[in-house]
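So the structure is just underneath, and the comments pick up after that.
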Amino acid sequence: MLRNLVSIKDMHKDEILLILMQAKKFAQGEQWHAGKQMFVANLFFEASTRTKTSFEVAERKLGLEVIPFEAGSSSVLKGETLHDTVRTLESIGLDAVVIRHEADRYYEQLINKINIPVINAGDGCGQHPTQCLLDLFTIQQEFGRFDGLKVGIVGDIRHSRVARSDAEALRKLGAEVRFSGPPEWFEEEYLSAGEFVPMDKLVEEVDVLMLLRIQHERHDSEAEMTKEQYHQMYGLTEEREKRMKTGSIIMHPAPVNRGVEIASSLVECERSRIFKQMENGVFVRMAVLKQVLEGRLTNELANQKWQYSC
Amino acid sequence: MLRNLVSIKDMHKDEILLILMQAKKFAQGEQWHAGKQMFVANLFFEASTRTKTSFEVAERKLGLEVIPFEAGSSSVLKGETLHDTVRTLESIGLDAVVIRHEADRYYEQLINKINIPVINAGDGCGQHPTQCLLDLFTIQQEFGRFDGLKVGIVGDIRHSRVARSDAEALRKLGAEVRFSGPPEWFEEEYLSAGEFVPMDKLVEEVDVLMLLRIQHERHDSEAEMTKEQYHQMYGLTEEREKRMKTGSIIMHPAPVNRGVEIASSLVECERSRIFKQMENGVFVRMAVLKQVLEGRLTNELANQKWQYSC
Amino acid sequence: MLRNLVSIKDMHKDEILLILMQAKKFAQGEQWHAGKQMFVANLFFEASTRTKTSFEVAERKLGLEVIPFEAGSSSVLKGETLHDTVRTLESIGLDAVVIRHEADRYYEQLINKINIPVINAGDGCGQHPTQCLLDLFTIQQEFGRFDGLKVGIVGDIRHSRVARSDAEALRKLGAEVRFSGPPEWFEEEYLSAGEFVPMDKLVEEVDVLMLLRIQHERHDSEAEMTKEQYHQMYGLTEEREKRMKTGSIIMHPAPVNRGVEIASSLVECERSRIFKQMENGVFVRMAVLKQVLEGRLTNELANQKWQYSC
Numbered sequence: 001m002l003r004n005l006v007s008i009k010d011m012h013k014d015e016i017l018l019i020l021m022q023a024k025k026f027a028q029g030e031q032w033h034a035g036k037q038m039f040v041a042n043l044f045f046e047a048s049t050r051t052k053t054s055f056e057v058a059e060r061k062l063g064l065e066v067i068p069f070e071a072g073s074s075s076v077l078k079g080e081t082l083h084d085t086v087r088t089l090e091s092i093g094l095d096a097v098v099i100r101h102e103a104d105r106y107y108e109q110l111i112n113k114i115n116i117p118v119i120n121a122g123d124g125c126g127q128h129p130t131q132c133l134l135d136l137f138t139i140q141q142e143f144g145r146f147d148g149l150k151v152g153i154v155g156d157i158r159h160s161r162v163a164r165s166d167a168e169a170l171r172k173l174g175a176e177v178r179f180s181g182p183p184e185w186f187e188e189e190y191l192s193a194g195e196f197v198p199m200d201k202l203v204e205e206v207d208v209l210m211l212l213r214i215q216h217e218r219h220d221s222e223a224e225m226t227k228e229q230y231h232q233m234y235g236l237t238e239e240r241e242k243r244m245k246t247g248s249i250i251m252h253p254a255p256v257n258r259g260v261e262i263a264s265s266l267v268e269c270e271r272s273r274i275f276k277q278m279e280n281g282v283f284v285r286m287a288v289l290k291q292v293l294e295g296r297l298t299n300e301l302a303n304q305k306w307q308y309s310c
Numbered sequence: 311m312l313r314n315l316v317s318i319k320d321m322h323k324d325e326i327l328l329i330l331m332q333a334k335k336f337a338q339g340e341q342w343h344a345g346k347q348m349f350v351a352n353l354f355f356e357a358s359t360r361t362k363t364s365f366e367v368a369e370r371k372l373g374l375e376v377i378p379f380e381a382g383s384s385s386v387l388k389g390e391t392l393h394d395t396v397r398t399l400e401s402i403g404l405d406a407v408v409i410r411h412e413a414d415r416y417y418e419q420l421i422n423k424i425n426i427p428v429i430n431a432g433d434g435c436g437q438h439p440t441q442c443l444l445d446l447f448t449i450q451q452e453f454g455r456f457d458g459l460k461v462g463i464v465g466d467i468r469h470s471r472v473a474r475s476d477a478e479a480l481r482k483l484g485a486e487v488r489f490s491g492p493p494e495w496f497e498e499e500y501l502s503a504g505e506f507v508p509m510d511k512l513v514e515e516v517d518v519l520m521l522l523r524i525q526h527e528r529h530d531s532e533a534e535m536t537k538e539q540y541h542q543m544y545g546l547t548e549e550r551e552k553r554m555k556t557g558s559i560i561m562h563p564a565p566v567n568r569g570v571e572i573a574s575s576l577v578e579c580e581r582s583r584i585f586k587q588m589e590n591g592v593f594v595r596m597a598v599l600k601q602v603l604e605g606r607l608t609n610e611l612a613n614q615k616w617q618y619s620c
Numbered sequence: 621m622l623r624n625l626v627s628i629k630d631m632h633k634d635e636i637l638l639i640l641m642q643a644k645k646f647a648q649g650e651q652w653h654a655g656k657q658m659f660v661a662n663l664f665f666e667a668s669t670r671t672k673t674s675f676e677v678a679e680r681k682l683g684l685e686v687i688p689f690e691a692g693s694s695s696v697l698k699g700e701t702l703h704d705t706v707r708t709l710e711s712i713g714l715d716a717v718v719i720r721h722e723a724d725r726y727y728e729q730l731i732n733k734i735n736i737p738v739i740n741a742g743d744g745c746g747q748h749p750t751q752c753l754l755d756l757f758t759i760q761q762e763f764g765r766f767d768g769l770k771v772g773i774v775g776d777i778r779h780s781r782v783a784r785s786d787a788e789a790l791r792k793l794g795a796e797v798r799f800s801g802p803p804e805w806f807e808e809e810y811l812s813a814g815e816f817v818p819m820d821k822l823v824e825e826v827d828v829l830m831l832l833r834i835q836h837e838r839h840d841s842e843a844e845m846t847k848e849q850y851h852q853m854y855g856l857t858e859e860r861e862k863r864m865k866t867g868s869i870i871m872h873p874a875p876v877n878r879g880v881e882i883a884s885s886l887v888e889c890e891r892s893r894i895f896k897q898m899e900n901g902v903f904v905r906m907a908v909l910k911q912v913l914e915g916r917l918t919n920e921l922a923n924q925k926w927q928y929s930c
């Protein structure tokens, strides 16, 4: 039983496949309701449209009450710790929290100290497990399998929450991972997960080309390369797309820097699953929410005992 | 069938009257529900209480799920284009978006490129069609007709979204429009829509006196005139109100600058429909939302085909 | 019939007890719905997690539609008065507003000028009646009575909304109030409400120890004392907690400054009711909302008459 979702590393292959199976059911129109009024909040301490909105829609589709939380006008401004903020939300009656926070592994101050499930929507340069799950779901939807698939991950690997989670999970599930992009944005430790290959070679080999977003906000020394230079050297140009294998697909976590990671004309091309990924994100998040809330409902009697003994 | 609402110019006289008729039904207590869970978002890139709240209440009255969107904490900060933001919301499952944006004609990058309806809640100095419709509705509610009515529009005409929309629509419907206010805030091009008349003459002639808000935030050279001077020269003073025709009414899009456009004591006087306009705004917006969502429901099969072929 | 809740001073002992009784029913699982769609908004012009979220959950539990209101992006920025903002919300169809505002007695510009109930969620250094009610509820829940109870209030009494409300209400209900903390943060006028006692003496005497939050944001001359010094002189240290009476409890409105007002290790100790207070806050706010909305429903016909005569 999934009690929290903080890192893809913690998840068994079977747990991952269970989530994907449930997501598929939701994509096909299955409905699930808790059977009672349940409350969640999305605590986003970093800017986000996609992920926050995706969780919000997933929550509403499950009939949950979504309690607004604005980091910018919260008591965090009065110096309250994240632990005390979440503990407060628990006392007020929330049944789960979704958190994005700039601190790596922020969740360590919460797990086992807070009595409600925590879903990690991104921690610093660490994990982003629901993005990973929606990537996996999109691949599974396309190919029906992971075994033997060749997946190329390209770009700002060192700063990417997505690269780490995806590479690990894909290997767990039997896919073969390769990396490309600027060598100075790669790290040796990734070599255990997959080979580093020049971009022009990679595009011809892979079934799935996962482009990562250049996180301008995390780079100081960007001056070294213009956007146009990046595009020519490591981006998916129109020319490179033509050399991709039949049936191969393009993915990107978005927001896209048009003309940098990918030519603007390719964003909605036939191979692109970029907007499909967003659509799938809702179903995957519904599946995750369902799992942790079912756990919550099961543990509820125990929780109440714990609360009243306090 | 109304697919979007971006400008009053695009609307036929009959389309306008149809919206007003539906708004009247909602004012009388009629209810409408989509028959399924539908999602909308209000994207306000400029400050607003009235319009945003009015849409929100209208949406809730129709049983819609309103997905929060904070421009200030969205991926727009990461440089995402408006098109990509709205395209994202479409992928995530939204059924319509309401947008206020500081750029004139921002909607041109969306219409026919996005597959969900766009309702314009104000673009730069351009259009503000739902404000226009609520003004029309308030006039119709009062007089039961437009033909032969004399409507005076006073104030900051050059910078006013409302003035342009209203003047055009009123003429379409048979009313006679006149303008007043500081001559330097008027533009020749408006003379085709109606005469420019001194304020002291105007107040005695009109059935409807529409005062516009001085948009302090859009004027640099305001120093030329104090607020008190404006009030004496172009405002509705207590003295001028006494000279208005029997049965004539006062309108203002609000927020009111008390003591500038209108004497503070007149804001809630018997002639004033200022707060009535706000009440009516909800019914008019319900009517617009109903129309575009009915269009959406009709087109849904086609849309789904389009999405899956991608 | 409670029409507004702005100050605990306005409330009769019986009115207070009625709210507490209703809160108890909600804590025991009683449900209440208005029987029709009703709209509320929470206008928080000052940062808050606890109070805003608590109201939001209370409102959802009563099935109310909560209309988002962001002070930072509202027309208040365009210079609109609080009166005109709330009058606008009334026109748009809201049935009640909850307001926190930095101005003392901000509500005087609203009461009897606005036709919908106002619930005060904190005004400047003035009142914070729902915090007071939840404190009372927590005490009643613990001891079943107020008569003869000794309650100590410690800390930043001069700047505390809570201290004023609580001291008054507790005396009304028969409890005995004492104060402690830095003498320069105390004011003579409070002596009529209760004695000033050294902290080391106080902890041994009281049944309820109410610690107040040091409002760093309201103190300029804080340099005079370090946090550690405050803790040693006026805080609840581990040593002092050991000398508290059997069965006595610790309360704090939160957010807690750990290691200042109270040792971090005591925040969730057996005596602590800090998180219980938050839990109770929801039930008390449900009770308040129910009362004012019942009043609203009763007055509705009258209100409508008033609106249409305008």
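Protein chains in written order, with my numbering: chain A, 1 to 310; chain B, 311 to 620; chain C, 621 to 930.
Even for Gly, the Cβ is constructed at its ideal location relative to N, Cα and C.
Cutoff 9 Å: B/Gly403 Cβ touching any chain A Cβ
yes
Is the Cβ of B/Leu603 closer than 9 Å to any Cβ of chain A?
no
Closest to A/Ala167 by C-alpha separation, out of A/Pro198, A/Val267, A/Gln131 and A/Lys201, would be which residue?
A/Gln131
Is C/Arg791 helix, strand or coil by DSSP?
helix
For the candidate residues A/Met244, A/Glu189, A/His12 and A/Pro182, whose alpha-carbon lies nearest to that of A/Pro129?
A/His12
If contact means a Cβ-Cβ distance below 9 Å, which residues of the segment 716 to 733 of chain C contact chain B?
none
Determine, using beta-carbon pairs with one atom in the segment 81 to 101 of chain A and one in the segment 440 to 455 of chain B, whether at least three such pairs fall under 8 Å.
no
Smallest Cα separation from B/Arg581: which of B/Glu452, B/Ile424 and B/Lys482?
B/Glu452
Quick one: which chain A residues come within Cβ less than 7 Å of C/Val677?
Phe39, Ile67, Ile92 and Gly93
Are the CB atoms of A/Ile139 and A/Leu212 within a distance shorter than 9 Å?
no
How is B/Glu380 classed by DSSP in three states: helix, strand or coil?
coil
For a cutoff of 9 Å on Cβ pairs, would you count A/Arg70 as touching chain C?
The sequence shown places Glu at residue 70 of chain A, rather than the Arg named in the question. So yes, A/Glu70 belongs to the interface.
Hey, is the segment 340 to 355 of chain B in contact with the segment 364 to 381 of chain B, meaning 3+ C-beta pairs nearer than 8 Å?
yes
Can a CB atom of chain A be found closer than 9 Å to the CB of B/Thr448?
no
Count the CB pairs spanning the segment 364 to 371 of chain B and the segment 589 to 596 of chain B that are closer than 8 Å, and state whether there are at least three.
yes
Length of the line joining the Cα atoms of A/Glu187 and A/Arg296
39 Å
Where in the segment 357 to 429 of chain B do unbroken runs of the beta strand (DSSP E), each at least 3 residues long, occur, reported from the N-terminal end onward?
375 to 377 and 406 to 411
What residue range is occupied by the uninterrupted alpha helix (DSSP H) comprising C/Ile636?
Lys633 to Ala647
Please decide whether C/Pro875 counts as near chain A, where near means a Cβ-Cβ distance under 9 Å.
yes
Compute the beta-carbon to beta-carbon distance between B/Gly561 and B/Ile524, rounded to the nearest angstrom, for a pair I have assumed lies under 8 Å.
In the sequence under discussion, the amino acid at residue 561 of chain B is Met, which differs from the Gly named in the question. No, B/Met561 and B/Ile524 are not in contact; Cβ-Cβ is about 16 Å, not under 8 Å.
is_contact[C/Trp926, chain B] using C-beta, thresh 9 Å
Note that C/Trp926 scores a pLDDT of 49, beneath 50, so its modelled location is shaky; the value from the coordinates is reported in the next line. No, because no Cβ of chain B sits closer than 9 Å to the Cβ of C/Trp926.
With a cut-off of 9 Å, does the C-beta of B/Cys620 fall near any C-beta of chain A?
The predicted model places B/Cys620 with a pLDDT of 35, which falls under 50 and marks its position as unreliable, so this point remains unresolved.
Measuring CB atoms only, is the segment 423 to 432 of chain B touching the segment 453 to 460 of chain B, in the sense that at least three cross pairs come out at less than 8 Å?
no
With DSSP collapsed to three states, give me the class of B/Ile467.
coil
Helix, strand or coil for B/Leu522 per DSSP?
coil
Roughly how many angstroms lie between the CA atoms of B/Asn311 and B/Val602, to the nearest whole one?
In the sequence on display, residue 311 of chain B carries Met and not Asn. Spanning the two alpha carbons is a distance of roughly 8 Å.
Please return the same chain residues whose Cβ sits closer than 8 Å to the Cβ of B/Trp616, not counting the five positions on each side in sequence.
Because B/Trp616 sits at a pLDDT of 48, beneath the cut-off of 50, its placement in the model cannot be relied upon, and the point is left open.
Could you check which residue in B/Glu515, B/Phe489 and B/Trp495 has the C-alpha nearest to that of B/Glu505?
B/Phe489
With respect to the alpha helix (DSSP H) encompassing A/Leu136, which residues constitute its N-terminal and C-terminal limits?
Pro129 to Phe143
Grab the span of the beta strand (DSSP E) containing C/Val797 for me, first residue to last.
Glu796 to Ser800
Any 3 or more C-beta pairs closer than 8 Å across the segment 877 to 885 of chain C and the segment 643 to 663 of chain C:
no
Confirm, please, whether the CB-CB distance from C/Glu685 to C/Phe659 is below 9 Å.
yes
Decide if C/Tyr928 is buried, meaning its Cβ has at least 16 other Cβ atoms within 10 Å, or exposed.
Confidence at C/Tyr928 is low in this model, with a pLDDT of 44, below 50, so the placement of that residue is unreliable and no value is reported for it.
Excluding the 5 residues flanking B/Arg553 on each side, which residues of the same chain have their C-beta closer than 6 Å to its C-beta?
Val513 and Glu514
By alpha-carbon positions, which one of B/Lys460, B/Gly484, B/Gln332 and B/Thr608 ends up nearest to B/Ala516?
The displayed chain sequence assigns Val, not Ala, to residue 516 of chain B. Per the Cα distances, B/Lys460.
Which bits of chain C does A/Leu149 rub up against, with CB to CB less than 9 Å?
Simply none; closest approach about 44 Å.
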